[in-house]
Structures are given as structure tokens and as C-alpha cells.
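So for the sequence shown, the working numbering puts the first residue at 32; every next one is plus one.
One structure is given below, encoded as C-alpha cells.
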Amino acid sequence: MNKYIMSLDQGTTSSRTIIYDKSGNIISSAQKEFTQIFPKEGWVEHDATEIWATQMGTAQEALLNAGLDYHNIAAIGITNQRETTIVWDKNTGEPVYNAIVWQCRRTADYAEKLKPYEDTIKRKTGLLADPYFSGTKLAWILDNVEGVRERAENGELLFGTIETWLIWKMTGGEVHVSDYSNACRTMLFDINTLQWDEELCGLLNIPMCMLPAPVECSAHYGDTVHELLGGPIPITGSAGDQQAALFGEACFRGGDVKSTYGTGNFLLLNTGHKPVPSKNGLLTTIAWGLNGEVTYALEGSVFVCGAAVQWLRDELLFFRDAKESEQLATKVQDSGGVYVVPAFVGLGAPYWNPSARGAMFGITRGTKREHVVRAVLESLAYQNEDLLSAMKADTGKDINTLKVDGGAALNNLLMQMQADISGVDIVRYESIESTSLGAAYLAGLAVGYYESLDDIVANKKIAKSFSPTTTEEERKQKMAGWHKAVNATIAFHEL
Ligand code: ADP
């Protein structure tokens with residue numbers, strides 16, 4: 032009988048299920064969007080019950096579409112939107128409040144209060160004191176939803192990020208775990224000792240009895256309850272979306288690096304088995320725990336990447352399809368001296384300036400739409416280069432190859448610009464579905480579907496690669512222009 036791996040990809044806007052064969056080909060998939068809840072300016076919530084329903088709905092649909100049943104699935108892997116926080120009753124399974132989503136800024140004042148402890152937070156968790164991470168969101172629920180603190184202290188409530196919630200539900204409330212790559216995004220987890228940290232939980236007044244057991248990213252957590260998918264399927268893989276993408280891109284060795292060009296941009300560098308602290312505005316994070324060993328990563332995030340292309344499409348009405356950005360930008364030789372800084376929602380790593388807003392420089396009477404489009408694409412490459420430079424500075428090592436995925440990585444001009452601006456080779460694999468593939472690979476390794484990492488490397492087929500055509504002098508000159516534009520953008524908001 033043919034056996035496959037089922038990957039559950041629980042994202043910010045939709046739940047997806049993809050069934051893969053051993054070579055990493057998609058056999059079947061299904062996707063359902065769910066409600067985005069914005070109760071107030073800057074607040075973002077999801078209904079945890081809807082997340083569960085859409086995720087299981089797509090799992091059932093994906094099986095049905097391919098005429099498969101549970102016997103055909105060797106294992107299930109999960110990858111998920113990270114940091115999103117759920118608290119539920121351990122007896123009834125009812126969430127006590129909506130899931131607070133990673134984007135939600137309601138806990139800015141909690142993060143502010145943690146600033147004096149930022150050195151401790153950095154040393155233990157690799158993170159910054161920021162409302163992005165789960166800890167302050169969990170504290171908010173405990174402090175603001177009536178009766179919740181008391182129930183939590185009585186041991187009646189459980190906390191989890193999305194993977195924890197899904198595994199708990201799929202095992203009928205039997206298994207309460209969080210994999211290291213998700214646990215390390217809570218600001219409550221010590222990435223050196225691999226334990227929840229008493230001091231950090233104390234700072235946010237979090238009862239430790241509600242925390243899940245930390246586990247590796249590839250292990251047998253439990254089986255799905257019979258009625259869910261027709262029979263028991265082992266759940267054996269779990270990783271946060273960005274770490275799963277790093278795994279899916281086969282970035283298994285120290286020095287391997289991937290960039291995901293989606294709505295935002297996430298760059299992760301495998302730093303091997305020791306955490307590398309950042310002095311350049313990056314986060315230190317756990318990539319995965321596998322076979323008794325932990326792999327760490329440096330992570331840099333940029334808020335606006337493909338979103339800048341959407342802006343050209345939807346607000347400036349320059350084209351109808353993001354793909355056309357490439358054709359338009361190719362019509363001009365260069366950006367004609369134009370620089371765009373797409374700081375629409377402030378600047379992320381390595382600048383961390385929340386109040387900056389976007390800017391455009393160098394416009395002349397001859398500036399055309401094509402120049403602006405080209406300048407926007409270049410800005411995406413400049414932002415990525417800033418992250419690569421920060422990684423080089425933090426590790427003291429060169430980066431020669433960058434693996435790419437995400438929607439905007441299909442833009443060949445952008446990829447050539449990246450090679451030229453960063454002086455690195457760019458590798459794009461045939462499948463840019465690296466996130467769900469990563470979860471499938473982690474799950475497959477735990478059940479012997481894949482025997483070793485070599486089996487996965489053998490699966491990866493290069494679709495296209497790009498090499499730099501510039502000199503170091505040219506690269507320096509271009510980056511100098513970009514930094515002038517960024518500095519002027521920041522200055523404008525400080526004047
Ligand atoms: P996400 O997972 O964050 O929703 P995707 O990986 O699906 O994002 O990528 C979609 C983003 O990529 C959109 O913001 C879109 O504007 C951009 N995009 C898609 N195709 C192209 C392209 N050919 N050139 C430039 N940007 C693109």
C-alpha cells in the first residue's frame with residue numbers, strides 16, 4: 032500500500048493540509064480561510080475553535096480528494112503561525128478567550144515594563160522584550176479575562192501555541208506538549224537549558240502548571256483519536272513556520288541560510304548546536320530539536336516584502352498581478368537613481384524603529400512608473416542584505432549561498448538583484464512549499480519514512496540559481512545609497 036505524509040500548515044490567514052509522497056511531490060491538498068478578528072486598533076484575534084475546525088476540515092478533505100484513508104498516512108507533521116496564544120479549560124476543551132495573534136500589539140505596555148530585564152530575557156530566550164512573543168499575551172489573558180487567573184492557579188487551564196492546541200485536540204486531550212521551536216518564541220523558555228524558566232514566568236506572573244511539556248520537533252507525540260480521520264495516525268513532527276521552512280530547504284548544516292519572501296521577509300541562518308547571541312538586532316532562536324540534539328538559528332525579520340509589491344498593485348494601481356512587477360521593472364536599465372524605503376509599519380531588523388514610515392528619494396521629472404517598481408524590488412533585496420550583513424557580523428563568517436522561497440522568490444529579476452547586491456549565489460528549489468515540506472520531513476524522519484537527512488537532501492531539485500555579476504565596489508556603492516535613504520527616512524520622523 033502507498034504511504035504518504037500529511038502536513039498540517041496552520042497559517043495566519045488560512046489552514047491548509049498537504050499530503051506528500053516520499054519524493055516531496057504533492058498528492059493532495061486543501062485550504063480554508065478563517066476569520067480575522069480586529070476588536071480594536073492594533074488588536075488581532077482568531078477563534079481557536081475555528082482554527083481547529085478549519086484545520087481538521089482540510090485534513091479530511093485532502094484525504095477524501097485523493098481517495099485515501101488513514102492507512103495511507105504514515106505520519107502527521109504540523110507547522111504553524113508562531114507566538115499566537117491560546118488558553119483553554121483542560122476538562123471541557125473550551126478556550127477561555129480568543130487566540131491572541133502574533134501581530135497583536137495590545138501588550139506593548141507589558142513589554143515596556145520588561146525593558147529593565149531585557150538583558151536577562153536576551154540571555155535566556157534569545158529574544159527581545161516585545162509584545163510579539165507569547166508570554167505577554169498569556170499574561171494579558173490571565174490579567175484581563177474574568178476568573179481566569181484563579182482557574183489557572185487551580186490547575187484547570189492549559190496554555191498553548193497553535194501546535195500545542197492542535198496536538199492536544201487531535202489526541203483527545205491526552206497530550207499537552209510544545210516543540211522547542213515554538214516554545215522558544217514564548218519569552219518564557221530558556222533556550223540553553225530547554226526548560227521553562229521560573230524567573231521569567233515570575234516576571235509575568237504565569238502559573239507554571241499551565242505550561243506544556245517541551246519536546247523535540249521530530250518524535251512520537253501521540254496518535255489522532257479514532258473518530259477524527261477514521262483511525263489512529265501517529266503525530267510525529269512539529270515546528271514553527273519559519274523553522275519548518277529552514278528544515279524544508281534542507282538547511283541542515285551550520286552556515287546554511289534561507290530567506291522567505293512572503294508578505295514579510297524572514298531570514299534564518301543555521302548556527303549549529305550552540306546559540307549565537309546577536310549584537311546586530313537579530314533574534315537567537317531554536318531551529319529544531321532532533322535525535323537528542325538541538326540546532327540553533329539567527330533570525331531576522333522585515334515586515335514589508337511582498338506587501339510592497341501589493342502596494343504598487345492595489346494602491347498605486349501600477350499593475351494587476353504581482354508577477355507583472357518583473358516585466359515592468361525589466362523595461363528600464365536601472366532605478367534611475369530612485370530609492371524606495373518601504374517602512375510602511377516602521378522598520379524591523381536590524382533597525383527596530385517602530386515609528387518610521389515609508390519614503391521615496393531621488394525622483395526627477397523623468398522618473399517613470401517602471402523606475403519606481405524597480406526601486407521597490409531593489410529595496411526588498413537591500414533589506415535582505417541588511418539582515419545578511421548582520422548575520423555575518425554576529426557569526427564572523429561569510430555567507431556564500433542563500434536558499435529562497437515564498438511568493439516573491441518567483442521573481443527572477445528580484446533574485447538576480449539579490450545575488451548582485453549581496454554577492455551571494457541564490458538557489459531556488461523546484462518546490463517553494465518549504466514550510467509544509469519541513470513539517471512533513473520532520474514527521475517522516477520520526478517514523479523511518481525517511482532514514483536520514485540524506486534522503487531529504489536527495490529530494491531537493493534546483494529549479495534555478497543566480498550568481499552575482501557585480502564587483503564588491505559596485506555593491507558597496509549601492510548599499511551606501513540605500514543606507515543614506517534609510518537614515519534620511521528615520522531622520523524625517525525624528526525632526
Ligand atoms: P504569505 O505566505 O506571506 O501570504 P506568499 O509566500 O504567498 O506570502 O507570497 C505572496 C507575496 O509575494 C505577496 O505579497 C505578493 O505581492 C508577492 N509576490 C507574488 N509573486 C510575486 C512576483 N512574481 N514578484 C514580486 N512579488 C510577488
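A virtual CB, placed ideally from N, CA and C, is assigned to each residue, including glycine.
Owing to the predicted nature of the structure, the values given are computational and were not obtained by experimental measurement.
Name the DSSP beta bridge partners of residue i, please?
i, result
"Tyr292", "Asn296"
"Gln41", "Ser46, Asn111"
"Leu329", "Leu300, Thr315"
"Phe497", "Ile457"
"Asp425", "None; Asp425 has no bridge partner."
"Lys63", "Ser46"
"Val118", "Phe190"
"Ile58", "For Ile58, which the question treats as bridged, DSSP gives no partner whatsoever."
"Ile266", "Ile107, Gly253"
"Ala130", "His77"
"Ile68", "Glu76"
"Leu321", "Glu324"
"Tyr51", "Ile36, Ile57"
"Pro245", "Ser209"
Buried or exposed: where does residue i fall if 16 or more other Cβ atoms within 10 Å of its Cβ makes it buried?
i, result
"Gly178", "exposed"
"Ala339", "buried"
"Thr466", "buried"
"Glu525", "exposed"
"Met32", "exposed"
"Val233", "The sequence shown places Gly at residue 233, rather than the Val named in the question. Exposed is the call here."
"Ile131", "buried"
"Val488", "exposed"
"Glu503", "exposed"
"His257", "exposed"
"Ser483", "exposed"
"Ala244", "exposed"
"Arg182", "buried"
"Asp140", "exposed"
"Met239", "exposed"
"Phe523", "exposed"
"Gly268", "buried"
"Asp425", "buried"
"Ala519", "exposed"
"Leu348", "exposed"
"Gly320", "buried"
"Asp228", "buried"
"Gly479", "exposed"
"Arg351", "exposed"
"Asp365", "exposed"
If contacts are defined as beta-carbon pairs under 8 Å, then residue i and residue j qualify, I think. What distance do you get, rounded to the angstrom?
i, j, result
"Ala471", "Tyr51", "5 Å"
"Met448", "Leu408", "6 Å"
"Gln86", "Leu39", "6 Å"
"Pro385", "Val455", "Incorrect: roughly 29 Å between the Cβ atoms, too far for contact."
"Asn213", "Gly271", "5 Å"
"Leu277", "Met422", "13 Å between Cβ atoms; not a contact."
"Glu76", "Ile68", "4 Å"
"Met510", "Tyr413", "7 Å"
"Thr138", "Trp171", "5 Å"
"Pro126", "Asn223", "The Cβ separation is near 32 Å, so there is no contact."
"His251", "Ala477", "6 Å"
"Thr316", "Ser309", "So it is not a contact: roughly 10 Å between Cβ atoms."
"Thr326", "Gly367", "Thr326 to Gly367, Cβ: 44 Å. No contact."
Find out if the Cβ-Cβ distance for the pair residue i, residue j is shorter than 9 Å.
i, j, result
"Thr80", "Gln62", "no"
"Gly108", "Gly469", "yes"
"Ser59", "Ala106", "no"
"Gly295", "Ser356", "no"
"Arg405", "Val369", "yes"
"Lys428", "Gly286", "yes"
"Thr115", "Thr202", "no"
"Ile193", "Arg136", "no"
"Asn443", "Phe375", "no"
"Leu169", "Leu219", "yes"
"Asn236", "Leu173", "yes"
"Val517", "Leu313", "no"
"Ala439", "Gly323", "no"
"Gly191", "Ile117", "yes"
"Ile266", "Ala474", "yes"
"Phe283", "Thr291", "no"
"Ala494", "Glu464", "no"
"Arg506", "Asp417", "no"
"Asp221", "Lys155", "yes"
Can you determine whether any heavy atom of the ligand FAD sits closer than 8 Å to the C-beta of residue i, and answer yes or no?
i, result
"Leu299", "With respect to the ligand FAD, the structure offers nothing, as its ligand set consists of the ligand ADP."
| query | In chain order, which continuous runs of the alpha helix (DSSP H) of length 4 or greater are located wholly inside the region 427-464? | reply | Within the region 427-464, the runs of alpha helix (DSSP H) that reach at least 4 residues and sit entirely inside it are, in chain order, 443-453.
| query | Taking the runs of the alpha helix (DSSP H) that are 4 residues or longer, which of them lie wholly in the region 133-202? | reply | Entirely contained in the region 133-202, the alpha helix (DSSP H) runs reaching 4 residues are, in chain order, 139-145, 149-156, 165-175, 179-184, 193-201.
| query | What runs of the beta strand (DSSP E), each 3 residues or longer, lie entirely inside the region 204-236? | reply | Annotation: the region 204-236 contains the following complete segments of the beta strand (DSSP E) (minimum length 3 residues), in chain order: 208-210.
| What alpha helix (DSSP H) runs, 4 residues minimum, are completely inside the region 345-406? | Within the region 345-406, the complete alpha helix (DSSP H) runs of at least 4 residues are 355-361.
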